[in-house]
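Everything in the sequence shown is counted per this note's numbering, starting at 94 for the first residue and increasing by one.
Note that CB positions come from ideal geometry on N, CA and C, so glycine has one too.
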Amino acid sequence: MINIRNVTIKNFMSVGNVTQAVRFDDAGLTLVLGNNVDLGGDGSRNGTGKTTIINALSYALYGNALTNIRKDNLINKTNNKGMLVTVDFDVNGTEYRIERGRKPNIFKFVVNNHDFHDDATDESQGVGRLSQQEIEKLLGMSHDMFKHIVCLNTYTEPFLSMRPNDQRAIIEQLLGITMLSEKATVLKDQMKETKDSIKEEEYRIKGVEEANLTIAKSIKDLERRRRVWEEKKVNDTIAFEQAIAELEHLDINTELSAHAELVTHSSKISQQSQLQALLKSIEADDKKTR
């Protein structure tokens, strides 16, 4: 069970440089009233800082006010620095303290008087991601749930005006079944990753199939070239065998003698051609002289 003991405020919204504190553990019910003396003390309850208290509690626990106001605009306009909000609470006997501030930026999460170490702290924003996760885990509710269940103010969008998805988120948090949506989200992401993996695998398989078709064509072409080479080898072998057989039956001396006669015959034909050409030349000259 969460027991908020007190909240202290300094230079936050309408609260100035004098630290203001509100205790919640003195009685079973705390009633906050206001009297706006700036308006002459006529009993007006507006503008007295009542909403500042719940805004400070929201800022201390979640790092945000009830509305979307910029964090720097939460600093008191008169002093414009030294904003600090502290909240003390306990959960099941364990004491916790949260300190948040700006100008300078401050963020401390103390558990039983020991700082909660958070290596992910962003000092420029006064926020620690791991610490904030631990805080919301302790509180057992998100900031939206805090605004709708704890604050009940006019700044928060009414439940019936919210979008269906936002309404479902609030209902799931109330019923403690947010894990189902988280698992559904995880499952959706896993399905998307699986679909992407399947698509990548299909592309890979298609690429392998195309490569296999190219290889099959290459193998088919190689087989065709092998058959052509084997047929040529067989034909060449037969031709060589026939040539060898013919050479085995040749008479070398006869072939040499025939070759010599062929050379002599060729020489005589050449001489005959030369003599015929010379004879034609003489006849032509004789005709010219007549």
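Given a length threshold of 3 residues, each whole run of the beta strand (DSSP E) inside the stretch 148–191 is given here in chain order: 176–184.
DSSP, read as helix, strand or coil, puts Val203 in strand. Buried is the label assigned to Leu154, since at least 16 other Cβ atoms lie within 10 Å of its Cβ. Distances from the CA of Ile168 to each of Lys326, Arg193, Phe182, Ala304 were compared; the closest alpha carbon is that of Arg193. Under the 10 Å beta carbon count, Gln367 is surrounded by fewer than 16 other beta carbons and is classified as exposed. Ranked by Cα distance from Glu229, the options Asp208, Ser151, Glu323 are led by Ser151. Comparing alpha carbon positions, the residue from Met238, Glu339, Lys299, Thr101 closest to Glu265 is Met238.
With a cutoff of 8 Å on beta-carbon distance, Asp165 and Arg98 are scored as not near each other.
In this structure, DSSP gives Thr101 an extended state, which the three-state scheme calls strand.
Residue pairing from DSSP places Val115 in a beta bridge opposite Val100.
Under the three-state reduction of DSSP output, Arg318 falls in the helix class. Scanning its chain for C-beta atoms nearer than 6 Å, with the 5 sequence neighbours on each side dropped, one finds around Thr101 the residues Thr112, Ala114, Thr179, in chain order.
Shortest Cα-Cα distance from Gly142 to any of Leu124, Asn172, Arg163, Met106 involves Met106. No residue range can be given for Lys240, since it is assigned to no alpha helix (DSSP H) and is classified by DSSP as neither H nor E.
Secondary structure note for Ser359: its alpha helix (DSSP H) is the uninterrupted segment 345–382. For Thr145, the CB contacts under 8 Å within the same chain, skipping 5 residues up- and downstream, are Ile102, Phe105, Met106, Ser107, Val108 in chain order. Look at Gly300 here: in three-state DSSP terms it is helix.
Listed as beta-bridge partners of Ile95 by DSSP are Val184. Burial is judged here by how many other beta carbons sit within 10 angstroms of a residue's own beta carbon; Arg297 has fewer than 16 and is exposed. Within the DSSP secondary-structure output, Arg193 pairs in a beta bridge with Val178, Phe200. A residue is called buried when at least 16 other Cβ atoms come within 10 angstroms of its Cβ; His342 does not meet this threshold and is exposed. Apart from the 5 residues on each side of it in sequence, Glu293 has no Cβ closer than 6 Å to any other Cβ in its chain. For the set Asn346, Leu159, Gly175, the Cα lying nearest the Cα of Phe200 is the one of Gly175.
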